[in-house]
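Visitor:
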Amino acid sequence: MNLPQRMPASRLLGAIVVVLLAMTAVAISSTVVALDALGDTRSRSVDKIEPAARRAQTLNRSLLDQETGVRGFTLTGQDAFLKPYLDGQAAQTEAARNVRDLVGDVNGRVTRIEDLARQWRSEYAEPTVAAIKVSGPAAGVAGDIERGKVVFDQLRSETAALQSDIGGLARQARADLDSAAKVVLWLVIGMGVLLVAVIGGLSLLLHRLLIAPLASLADHTRQVASGDFEHEIDADGPRETVMLGEDVNQMRRRIVQELATLAEAKAELQRSNSELEQFAYVASHDLQEPLRKVASFCQLLQRRYGGQLDERADQYIEFAVDGAKRMQVLINDLLAFSRVGRMSREQTVIDLNDLVRHVVDSFSERVEETGARLEIADLPSVRGEASLLSAVFQNLISNALKFKGAEAPVIAVDVVRDGEMWKFTVRDNGIGIEPEYADRIFVIFQRLHPKDAYPGTGIGLAMCRKIVEFHGGTIRLKTDVDSGTSFEFTLPVVAELAAEVEEVHV
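Letter by letter, the sequence shown follows residues 1 to 506 of UniProt numbering.
1) List in chain order: all unbroken alpha helix (DSSP H) runs of 4+ residues lying wholly within the UniProt domain "HAMP" (208-260).
2) Could you check if T24 is buried or exposed, using at least 16 other CB atoms within 10 Å of its CB as the buried criterion?
3) Helix, strand or coil, according to DSSP, for K433 in the structure here?
4) For K149, which of D165, Y305, W120 has the nearest alpha-carbon?
5) Quick check for students: name the residue ranges of the alpha helix (DSSP H) that lie wholly in the segment 68-137, counting only runs of 4 or more.
6) May I have the straight-line CA-CA distance separating P51 from T58, to the nearest angstrom?
7) Count the other C-beta atoms from every protein chain shown that fall within 10 angstroms of the C-beta of Y124, then say buried if there are 16 or more, exposed otherwise.
8) Among V110, V103, G77, whose alpha-carbon lies nearest the alpha-carbon of N60?
9) Only counting the same chain, and skipping five residues up and downstream in sequence, which positions put a Cβ closer than 6 Å to that of F229?
10) On the criterion of 16 or more Cβ atoms from any shown chain inside 10 Å, does T241 qualify as buried, or is it exposed?
11) Which of helix, strand or coil does DSSP assign to P4?
12) Helix, strand or coil for G384 per DSSP?
13) Could you check whether L355 and residue 523 sit closer than 8 Å to each other, using their CB atoms as the reference points?
14) Within the same chain, show all residues whose beta-carbon is closer than 7 Å to that of E346, passing over the 5 residues directly before and after it, in chain order.
15) Please classify D115 as buried or exposed, where buried requires at least 16 other C-beta atoms within 10 Å of its C-beta.
16) Looking at the secondary structure, which residues open and close the alpha helix (DSSP H) in which D354 lies?
17) Could you spell out the range, first to last residue, of the beta strand (DSSP E) harbouring A462?
18) For A408, does the three-state DSSP call read helix, strand or coil?
19) If I measure Cβ to Cβ from A453 and keep anything under 8 Å in the same chain, skipping five residues before and after, which residues do I get?
20) Three or more beta-carbon pairs under 8 Å between the segment 431-438 and the segment 381-395, yes or no?
21) So which of R156, R427, H220, V426 has the shortest CA-CA distance to N249?
22) I'd like to know whether the C-beta atoms of A22 and R55 end up nearer to each other than 8 Å.
23) Any idea what DSSP makes of K423, helix, strand or coil?
24) List the residues that DSSP assigns as beta-bridge partners of T490.
25) Report yes if the CB atom of G432 is closer than 8 Å to the CB atom of T370, and no otherwise.
26) Would you say R427 and V493 are within 8 Å of each other, going by their C-beta atoms?
27) What separation, rounded to the nearest whole angstrom, lies between the Cα atoms of A218 and D247?
28) In whole angstroms, give me the CA-to-CA distance for A197 and K182.
29) Could you tell me whether the Cβ atoms of I467 and A400 are closer together than 8 Å?
30) Give every residue of the same chain whose Cβ lies closer than 7 Å to the Cβ of L155, excluding the five residues on either side of it in the sequence, and list them in chain order.
31) By Cβ distance below 6 Å, which residues in the same chain neighbour V19 in space, the five residues on each side in sequence not counted?
32) Determine the direct distance from the alpha carbon of A225 to that of K402, and round the result to whole angstroms.
33) Quick one: residues in its chain with C-beta nearer than 6 Å to the C-beta of N353, no 5 flanking neighbours on either side, listed in chain order?
34) CA-CA distance, V26 and V193?
35) Taking only three categories from DSSP, how would you classify D165?
36) Grouping DSSP H, G and I as helix and E and B as strand, with all else coil, what is E379?
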């Protein structure tokens, strides 16, 4: 499938979301319908049938109250017994209406009960009550009593049948409720299983069409990022993934091209640097002998003809001798600078305590002249070339003695461990260096002061940086000090020595 035919990831995700929303809507609507049916069934059982059963019992009691009242009045003739009869009629009417409102006529039984009740009252109760009110209790006729009993037995039978029918309705409602509950349960289970299946299917589809291509692209990209720039990325999946893979391929091709260009430039630069270093070494070395002759003959002139010529001639000879000496120092420094990293010796483990002690001893006269105080911390052992590392401490301590202030110099050498590096600090209380010169001072031949004020060749700090970087560290001027000068440089920790120190501490 080519790029234009591939589905964008946004459309793929949109389709998946639409399917999930549709399934969720179907599940919710089906559940709502089932719960509504369950609610209707429960409402019919609780709100209709159960109250109807209670009203049927009330209807039965109202008929019994009427029959009891008529019987008591028949036996005693007292009007008090007519109250249950009269109240029973009102209760009967209300109960019959309630039953009909709740569950209907229930197979016509409510109507038959009302008809039989009217028949019982018209054929037995009303005539009997009227006769007794006129003639007294003895007025009751046995035939009427028997006929009334037959009709009332029919009433009892109908009310019992009514209660039985309502009980059947209750049982049916409970069965319907159980059935509806089961339907809801199975519907929920079915929709849950269906949703799980749909989500699982969509997840597999999403993994196949989106996640797996992205993971594959990530693996290929990591392989390229790790340095395998020749690795071709063959991306698959949605349009964005393929486009991203092609973008990475284009970037990879540019990197390969630029690396090739950089490799050529590096080789050319190395060749040029090698030629320059060789030229500097040869030029400096070849200048030594003629310069030594010039200096020697100038000194001979100074010794032999000093005071014999005029004052101007003596001054010229002195200038020539001084210039020759300074040129010798400069050439020696250039030779030392060119040898760093080019004429290296085997690196060994060096105890910096001994090394710095020898450096300090070499400045004993200047320390005594200036009244300087040196504070040297307990220094570690490192791997390197002793002569080169000695030159670093020698240059930094020499600068601290040279660029002193009004007070006697105080020079401190400290060290702390920072991960896999030792961080050394050489600080003093001298005239200091402005922060804007923090980079310039490490460039060869760069000076901040006139030669007359502070002698030197301008090579010392450049050599320090070259030596420290040759040993795998860095050097910088700390610009956050209040006064004086503070140089900070790093050297790698010797792994085997660090392990021995840890074992000793354990």
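Beta carbons are placed, not taken as given, at the ideal position from N, Cα and C, and that holds for glycine.
Guide: So, from the listed chains and residues:
1) 212-225
2) exposed
3) The displayed chain sequence assigns Ile, not Lys, to residue 433. Correct three-state label for I433: coil.
4) W120
5) 82-103, 109-120, 126-135
6) 11 Å
7) buried
8) V110
9) Contacts found: R252, I255, V256.
10) T241 comes out buried.
11) Model confidence at P4 stands at a pLDDT of 46, short of 50, so the residue's coordinates are unreliable; what they give is reported in the following sentence. Reduced to three states, the DSSP call for P4 is helix.
12) strand
13) An answer regarding residue 523 cannot be provided, because it is not within the stretch 1 to 506 covered by the chain.
14) none
15) Using a 10 angstroms sphere on the CB of D115, the tally of other CB atoms stays under 16, which defines it as exposed.
16) 352-362
17) That residue, A462, is in no beta strand (DSSP E); its alpha helix (DSSP H) goes 460-470.
18) coil
19) Since pLDDT at A453 reaches only 47, below the 50 mark, its modelled position is unreliable, and no value is offered.
20) no
21) H220
22) no
23) K423 falls in the strand class under three-state DSSP.
24) K423
25) For G432 and T370, no; Cβs fall outside 8 Å.
26) Cβ atoms of R427 and V493: not closer than 8 Å.
27) 13 Å
28) Put simply, the backbone Cα of A197 is about 22 Å away from that of K182.
29) Against a cut-off of 8 Å, the Cβ pair of A400 and I467 comes out as no contact.
30) L63, I113, L116, A117, W120
31) none
32) 50 Å
33) Scanning its chain for C-beta atoms nearer than 6 Å, with the 5 sequence neighbours on each side dropped, one finds around N353 the residues L379, in chain order.
34) Between V26 and V193, the C-alpha separation is close to 13 Å.
35) helix
36) For clarity, residue 379 is Leu in the given sequence; the question names Glu instead. Three-state DSSP puts L379 in coil, outside helix and strand.
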